[in-house]
Amino acid sequence: SVNIVALGNERDGFSEDAQQPSLIWSYLRRSALISQINSSLSACHIGSQVFTEYQACIFGNVRLVVHDCPVWDIFDNDWYTSYRLIGGADIIVIKYSVNDKTSFQELKDSYVPMVKKALNHYSVPVIISAIGTRKNGVPCSCPLCTSDRRSCVTTSEGVQLAKELGATYLELHTLNDFYIQKYFGGVLEYFMIQSLNQKSSEKMKKRKKMQKRYRVQPPQLEQPEKMPVLKGEASHYNTDLHNLLCCCQCADVAFYPEDLSMAVEAHKIILCSVSHLFMLLFGVKSLSDTHDTSIVQLAQSLFAVETGDPFPSSPRGAPPCVLPVRVVVKDSVFCSCLPDILHFIYSGAFQWERLEEDIKKKLKDPDKTEHVLEKVKCILKTPGKLNTVKDCKSHQIKQLNNTSLRLFFNTPVLADVIFKIQGAMVPAHRAVLVARCEVMAAMFNGNYLEGNSILVPVYGVSKDTFLSFLEYLYTDSCRPVSILHAMSLLICAEMYQVMRLQHICELYIITQLQSMPSRELASTSLSIVSLLKKAKFHNSDCLSTWLLHFIATNYLIFSQKPEFQELSVEERNFVEMHRWPSNLYLKQLADYRNYIHSQKCHCTVM
């Protein structure tokens, strides 16, 4: 069989032709060598399509399996699946659109290093496919967007990327028969033949070894026991923020109609993270920083912030008893729909169709509905760029929403709490902490000293680890730099009862240990037994069980290390019971070696 993994999106992210077939599907559909094509969708977590799996036959009876992954999120959310795909690939195809410079830059800066790291342990051919005809449009002159969306990826940039990966570079100006079958298909089929020849050669070598017979057959080494499988937990980032709106904890802004008859509470940090208009409204940005006059005009015509000091005096060292900033909504129709709009924003700002339906049912007037929706689009758009609230794909908006709070991570802007850790001051925002962490919600809203203080000391964790923990709360993603860093982050996550982060750290540790060659595992100073004891102490049952199996599977390596003596009696018994290779096999091997030496034969096993 031949396994191909295709990574990246060949379509321009802002192209109107969303129905254009993918490169892989076009090749499979047109190639005369392909038959019996089947496809299926697979997902890494709920609601997010990660890859399409195609199965077919090539060269008559050779099984062909293709995993087409148009979304790079798999490297952010699931190391285990991404490394497993690359590890099982015979050929890797990386695709990008020459008219999407932003996606290419993200590919080059963020994901190519991950692919290179994975390829350090595997030797497979890589094909870089630059797809599309470059558009020579007039670039935007706005200093905020720097015309990145209109610039094209040059040939030299693609060639340089191919050199970094040791890949074959192809330019496909259009997905027609020539480029698909003869150009791309010819290169791909060459690598397929090379892969099949290599597998055939290895199979023949194994067959020749098996054909040698002895009077006494050598013992058969059994396969090690299957390692426990750890399953990741689905993200509940948007649900956490939506629950924050519903419970109204830590609200610091209240919207009123002009008659002040009712109030709708919200949070500045959430609103400012998705809208430059709210940044302007709440003083995060000044008029001189805002170059889009339409945003300034809309803010002045739609909202009025109540003047005066809304903050009553409070004792020094304690948080001010903040009364929510009062904002008057001048548009009565828009104000009546404000609860639905806030639910849309807090839920991730990607359920546009649902917002349309809710506003239509409430207003029952097409003109008023269109009026409100246009204002929502203007509020959420990026200055100087086209409005993409309705037109962007859902996964792009989800990714944008998950990273928008990063702008306020570890910055004093709008911060209302400061953590003191190892002598350093780390600003944060109570609304985000309360929404994302139940322990911090209890700490800030209960009868605890931290609930009445701006300065909160943190003990038992390093500054770098705590910053990584806060980064996860703000962005719903984390990238540990080492196994020890991941273990420290796991301990911090257990301390604050953030279970999904704990699972992410567990998967990272497992992935890193599995990728270690035996020689590196034997020489490393990293103590696996120490990791095991920490995992047990901090209630990481899945990781501790996996580590015990890992020690048992690599028994010959760990039994020679001093740390092996630190295992408890119960742990030692488990390892001895599940050890690989087993005592029975070693005894059979010793008997076989004695037989070979007694017959003065050459042993092909040892």
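Residue numbering for the sequence shown follows the UniProt record's numbering, starting at 1 and increasing by one per position. Every residue, glycine too, gets a C-beta built ideally from N, C-alpha and C.
Checking the sheet assignment: what are the DSSP bridge partners for residue i?
i	result
R63	C57
V325	V253
E265	A254
T424	Note that residue 424 corresponds to Ala in the displayed sequence, not to Thr. Answer by DSSP bridge pairing, in chain order: I421.
V189	Correcting the residue type first, residue 189 is Glu in the shown sequence and not Val. Bridge partners of E189: none, in fact.
S129	K95, L170
I4	V66, I91
Residues in its own chain within less than 6 Å of residue i by CB, not counting five upstream and five downstream?
i	result
R316	Any reading at R316 must be qualified, since the residue scores a pLDDT of 36, below 50, and its modelled position is unreliable; the value itself is stated next. Answer for R316: no residue qualifies.
L7	C69, I94
G132	S97, V98, N99
S275	I379, L380
K361	none
T465	S488, L489, C492
M443	E450
P562	none
E306	R326
V125	Note on residue identity: the sequence assigns Pro, not Val, to residue 125. Around P125: I91, F191.
S82	I74, F75
Y80	L507, T511
I421	V458, K463, F466
Within a Cβ cutoff of 8 Å, which residues of the same chain sit near residue i, ignoring the five residues on either side of it in sequence?
i	result
P21	R29, L175
L287	L280, V296
S332	P257, E258
L467	N410, V426
D240	A435, R436
L526	I483, L484
P412	P427
I528	L513, L547, F550, I551, F558, E563
Taking DSSP as the reference, what is the three-state secondary structure of residue i?
i	result
C69	strand
M102	In the sequence on display, residue 102 carries Thr and not Met. Helix, per DSSP.
Y183	helix
V159	helix
Q36	strand
Y459	coil
N445	helix
V229	coil
F409	coil
A552	helix
A234	coil
V305	strand
V432	helix
E438	helix
Q297	helix
M204	helix
C560	Per the sequence shown, the amino acid found at residue 560 is Gln instead of Cys. Of the three classes helix, strand and coil, the one that applies to Q560 here is coil, per DSSP.
K330	coil
K381	coil
Q502	helix
P580	Note that residue 580 corresponds to Trp in the displayed sequence, not to Pro. Coil, per DSSP.
A493	helix
Please report how far the alpha carbon of residue i lies from the alpha carbon of residue j, in whole angstroms.
i	j	result
I379	K182	49 Å
I127	S294	45 Å
V329	V376	13 Å
G166	Q220	39 Å
I180	L23	8 Å
P366	E374	12 Å
L556	P581	8 Å
V2	V62	8 Å
I193	T168	16 Å
V498	I509	17 Å
L338	V372	10 Å
A263	V253	10 Å
G283	S273	13 Å
I269	L405	8 Å
H343	A251	14 Å
C57	R500	40 Å
C152	S103	11 Å
D541	K364	55 Å
V569	L119	40 Å
L323	C478	34 Å
If I measure Cβ to Cβ from residue i and keep anything under 7 Å in the same chain, skipping five residues before and after, which residues do I get?
i	result
A299	L277, L280, L281
I359	C337, D340, T369, V372, L373
F59	L33
R430	C250, D416, V417, F444
For the ligand ADP, is there a heavy atom less than 6 Å away from the beta-carbon of residue i?
i	result
Y595	Of ligands this structure carries none, so the ligand ADP is not represented either.
Check whether the segment 234–247 touches the segment 424–437, taking contact to mean three or more Cβ pairs, one atom from each stretch, closer than 8 Å. yes
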